[in-house]
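Residue numbers (the working numbering): 107 to 166. Idealized CB from N, CA, C, for every residue including glycine. Quantities reported herein were computed from a predicted structural model and do not represent experimental measurements.
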Amino acid sequence: MIDAFVTIEMKRRLVVSSVTTQQLAYDFGFEDASNFVKYFKNQTDMTPSQFQKQYADPHI
């Protein structure tokens, strides 16, 4: 349940802002961006950059 909430918030941040993977990893308490990428991919079957490219608003 917590993982689902955290993943939804990560997705939201990726879509509504131009936040970097490194910054998002830091914001969610990951010491290493590669661990964040692994976590995100495990939850969504996409890397954060793939998700951002597919769903982000190009006008941001």
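Distance check between Ile108 and each of Phe134, Tyr161, Asp151 and Ala139 places Phe134 closest, using alpha-carbon atoms only. Here Leu130 has Met116, Arg119, Leu120, Phe142 and Pro154 as same chain residues with Cβ atoms under 8 Å from its own Cβ, once five neighbours each way along the sequence are excluded. Around the C-beta of Phe111, fewer than 16 other C-beta atoms lie within 10 Å, and the residue is accordingly described as exposed. Gln149 places its beta carbon 8 Å or farther from that of Thr127.
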